[in-house]
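Take a look at the structure set out below.
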Amino acid sequence: MRVIRVDASTATILLTEAPAPKVRDRQTGEIAKDAVTGEALMTVGVVYIDEGESSLIQVTVPESGVAEGLTVGAPVSLPGLVARPWQSVFNGKERNGIAYRATAVAPGAFPMAQAG
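For our numbering, count along the sequence shown from 1 and bump the result up by 143.
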């Protein structure tokens, strides 16, 4: 499926869940790895606010891309943010959604109010 770049330049992104290892298999506790590099993957929860609308999303980042000093409730930046639509069949039921991935998560800043 297609990967869609997300322009987050005007968005406010706030950390809602601290980085945690992304679990590939909940029964064994196996941690998900990047298919290309083999690096462990992490997830972070954020609220993405843009143009008066907000969404709670989970974003996958490589472990090396998780910056120090992240604080829940504080603004963060997600360089290289992309969205990837997905679908699967589990127990005979079709499911679909959007998976988000970024190259890093780092402390950010609130966007400057634009003069109108």
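Even for Gly, the Cβ is constructed at its ideal location relative to N, Cα and C.
Values in this document were obtained by computation on a predicted structure and should not be read as measured data.
Per-residue burial, residue i [other beta carbons within 10 Å of its own, 16 or more giving buried]
i	result
residue 248	buried
residue 147	exposed
residue 214	exposed
residue 244	buried
residue 251	buried
residue 205	buried
residue 208	buried
residue 154	buried
residue 156	buried
residue 158	buried
Run of the beta strand (DSSP E) containing residue i, from where it starts to where it stops
i	result
residue 196	196-205
residue 160	155-164
Reduced DSSP secondary structure (H/G/I, E/B, other) of residue i
i	result
residue 235	coil
residue 181	coil
residue 273	Nothing in the structure corresponds to residue 273, since the chain is present only between 144 and 259.
residue 188	strand
residue 259	At residue 259 the pLDDT is 47, less than 50, meaning the model places this residue with poor confidence; the figure from the coordinates comes in the next sentence. Note: residue 259 maps to coil in three-state DSSP.
(request) Please confirm if the stretch 171-180 is in contact with the stretch 215-233, defined as three or more CB-CB distances below 8 angstroms between the two stretches. (result) no
(request) Kindly confirm or deny that the stretch 228-237 and the stretch 185-198 touch, where touching means at least three C-beta pairs closer than 8 angstroms. (result) no
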